[in-house]
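This report concerns only the one structure given below.
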Amino acid sequence: MNAAYEFVTGPLAWLAWGIFLLGSAYRLVSMYQLAKAKDTSAIAFMSWGYSLRSIINWLIPFNALGWRKNPLMTLGTFAFHICLLGAPIFLVAHVMLWDQSFGVSYVTIPDQVADIMTLVVIAACLYFAGRRIVQPEVRYITTCQDWVALVIVLAPFLTGFLAYHQALLDYQLMIILHVVAGEIMLAAIPFTRLSHMVFVVFTRAYMGSEFGGVRHARDW
Amino acid sequence: MGIQDRLIEDVGLRRGVSRLTPESIEKTVNAVINGETGARLKAYAETCMRCGLCAEACHFSQSHPGDPSYTPAGKVHQTMGVLLKTKGRVTPDEIYGIAQLAYTECNLCRRCVHYCPIGIDTGYIMSTVRRICHMLGVTPQYIQDTAHSHSATFNQMWVKDDEWTDTLMWQEEEARDEFPDLRIPLDKEGADIYYSVIAPEPKFRTQLIYQAAAIMHMAGADWTMPSEPGWDNSDMCMFTGDFEMMGRLKRKHFESAQKLKVKRIVMGECGHAFRSIYDMGNRAVGWKMPPVPVIHSIAYFWELMTEGKIKLAKKYPGPVTIHDPCNVVRGQGLHNKLRELVRFLIDGDIIETASHGEHNLCCTAGGGVINCGPPFKNVRVAGSKSKADELRATGVKTIIAPCHNCHGGLEDTVHSYKLGMEIKFLGDIIYECMEKPEA
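In the order they appear, the protein sequences are chains A and B.
The numbering of the first sequence is the numbering used here, which starts it at 411 and goes up by one.
The numbering of the second sequence is the numbering used here, which starts it at 82 and goes up by one.
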């Protein structure tokens, strides 16, 4: 069990981070090359100011028309994304790992808070899954890839929660599953629907630039 | 549930698909996707999280509650989604449905932009689907006829060169009863204003040319109209997916203005032509912005009013509501000027529809949909139910709509849903209310 733990937190972690970082860089560079070759009539209109205007306006809950018309989804997706990023980054146990491996340490959140945030992520995943099953307009467009992305995100939080509460399986085994699930998530980011994490800044920025610089209208 | 369950017979679509083979489809689809699209389409296809937020944005889906096949993402799913997933391996029958959906069930109005957190441009995706259909030769007959006219005559309505100048001279003559020294100056080099219209104006809405001439005359404008092709600013090729012709049309239009060394182009109350001149057509020829400044009638009339160049003898009785044409509000943000102008012109309030300004609900005629003609009229009218509901809720009798396509669509909507409302161009109201010489 110890050897397995060493493996998943050692070589496998390097591999996952490597795929995540290099993969994301590769996707970004190749997408940029493609845009330069094929989308010059779009790139020509990119503007820093209007890009930021659009990004900031969409980051404010209930500001955009789409957010206002879908209040439950707005709450769900904002809570989900904040907790999805916040809990793993500021979790005491994760910061300790950074500290042990690289001597890097930074601010943490109390475990009770992280626990609640984890539950929020799990609840939001269930809500998203429910929408995909129950709401006709979501069910109609849902593909296999969307379910894969949802399961990939849910897994590390579910296993993390169970490990923390020492439930269901042996703690050692559960923590190994948790680490592997987290690594799968990282490695999947550049190559699945989760790639919106990498690209959304640019799609949003382009729309913001068009609407700000050319159309003189709000895009939110 | 989906387009295959609601196919409508159209000669153009039917003949188009009859010439296709699975091999020719696959070849053409991939030629367009690999040759003409790039990072934008790729990023949109990959990052659409299928969240369904856009469902509420579209007037088609609002008008068909519970049918997800009318939502923006649902429409992309049935068209570009299929083409990308199968890498173009689809049957001619599938192409029929894809074309019908792309040409008749999306107005390219871009309202869904306000609903998509990712920033996906569904209008661009549907335009690209139309581009593929055009390259396959599968286009609805009526709109293709106007595209053919563009190719043959550089105007949309098969107006012959002599008929064009004849129409202008006829309108000048008519107007001189009311305005004795009125001129429609042809080919006046160095004029301040080059006035451009769409071909349906000389063809069957000549009173709009009359009114524009009267307004220019009373404002004392230094203006001209060209006697040769290039005068038509409209562009159905942009909507069929014939981007080569779109570029040629805009080049002709701008070069016609450049030849006359005018200071700027003022265009009539048209939405789609504005899209072609200010957004798509200019880019197709490589002009980042129009090479000759172009201003829409809304902005021009606003100028005339704020500068006091037109005096009103009376105000038009309100209250009124405003229909914002998507191509000028989501195209150039003219909604505020439009309201300031309307306040100049009317006596009474502006009662807004629930969705207005840049969040306007489309008339369901734009994007070439009304130009697909009678076979698809019922689809269009059914899709405008939510617009009709918003209009009815205002309780007013007058709709001001500064766009020809919107007029055509709203006339059908008002009639079919028995709204009992009149629809006015800004030019109608200015002409009716302005001071005129004692006749």
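All residues carry an ideal CB built from backbone N, CA and C; glycine is no exception.
In the structure shown, B:K108 falls within a helical segment according to DSSP collapsed to helix, strand and coil.
The stretch 170-239 of chain B contains, as complete alpha helix (DSSP H) runs of 4+ residues, the segments 173-185, 203-217 and 222-234 (chain order).
Under the Cβ criterion (8 angstroms, minimum of three pairs), the stretch 159-178 of chain B counts as touching the stretch 83-90 of chain B. For B:I480, the enclosing beta strand (DSSP E) covers residues T479 to I481.
The Cβ of B:G155 sits closer than 8 angstroms to at least one Cβ of chain A. B:Y275 is outside the set of residues whose beta carbon lies under 8 angstroms from a beta carbon in chain A. For B:T152, the C-beta contacts it makes with chain A under 8 angstroms involve E547, Y550 and I551, in order along the chain. When only Cα atoms are considered, B:L472 and B:L415 end up about 20 angstroms apart. Uninterrupted alpha helix (DSSP H) stretches at least 4 residues long and entirely within the stretch 508-573 of chain A occur at 521-544 and 546-549, given in chain order. Rounded to the nearest whole angstrom, the C-alpha separation of A:I453 and A:Q443 is 11 angstroms. Nearest in C-alpha terms to B:I179, of all of B:D242, B:C484, B:G97 and B:V495, is B:G97. Closer than 8 angstroms to the CB of A:D525 there is not a single CB belonging to chain B. For the stretch 429-445 of chain A, the set of positions with a beta-carbon nearer than 7 angstroms to some beta-carbon of chain B reads M441, L444 and A445 in chain order.
The C-beta of B:E137 comes closer than 8 angstroms to at least one C-beta of chain A. Chain A places no beta carbon closer than 8 angstroms to that of B:P371, leaving this residue out of the contacts. With a cutoff of 8 angstroms on beta-carbon distance, B:P149 and B:A136 are scored as near each other. Straight across, the Cα-Cα distance linking A:I532 with A:F567 is about 7 angstroms.
Taking B:H145 as reference, the option from B:G464, B:G501, B:K499 and B:G508 with the minimal CA-CA separation is B:G464. Within the model, the alpha-carbon separation for B:G322 versus B:K342 is close to 31 angstroms.
Our two residues, B:I199 and A:W468, have alpha carbons roughly 9 angstroms apart in a direct line.
For B:G362, the number of other beta carbons within 10 angstroms of its own is at least 16, and it is reported as buried.
Approximately 7 angstroms separates the beta-carbon atoms of B:F320 and B:R211; this is inside 8 angstroms, confirming the contact.
Within chain A, L475 have C-beta atoms less than 8 angstroms from the C-beta of B:H440, given in sequence order. Per the C-alpha coordinates, the member of A:M617, A:V523, A:V590 and A:S464 positioned closest to A:A497 is A:V523.
Counted as a single uninterrupted DSSP element, the beta strand (DSSP E) harbouring B:E503 occupies residues E503 to K505.
Contact check between the stretch 152-170 of chain B and the stretch 543-551 of chain A: three or more CB pairs, one atom from each, fall below 8 angstroms, which counts as touching.
Under the Cβ criterion (8 angstroms, minimum of three pairs), the stretch 432-452 of chain B counts as touching the stretch 405-424 of chain B. Between the alpha carbons of A:T484 and A:I492 lies a gap of roughly 12 angstroms.
Straight through space, the alpha carbons of A:A426 and A:I594 are spaced by roughly 7 angstroms. Runs of the beta strand (DSSP E) lying entirely within the stretch 316-341 of chain B, each at least 3 residues long, are absent.
The beta carbon of B:F141 lies closer than 7 angstroms to those of Y151, E186 and G464 in the same chain, with the five residues before and after it left out.
As DSSP reads the structure, B:Y275 sits in a beta bridge with B:T305 and B:I346. Put simply, of B:T402, B:W368 and B:E513 the residue whose alpha carbon is nearest the alpha carbon of B:V477 is B:T402. CA-CA distance, B:W312 to B:Y291, rounds to 16 angstroms. With respect to the 8 angstroms criterion, B:L422 and B:I358 are not classified as neighbours on the basis of their beta carbons.
Non-local C-beta neighbours of A:F601 in its own chain, meaning closer than 7 angstroms and more than five positions away in sequence, comprise G433, ordered along the chain.
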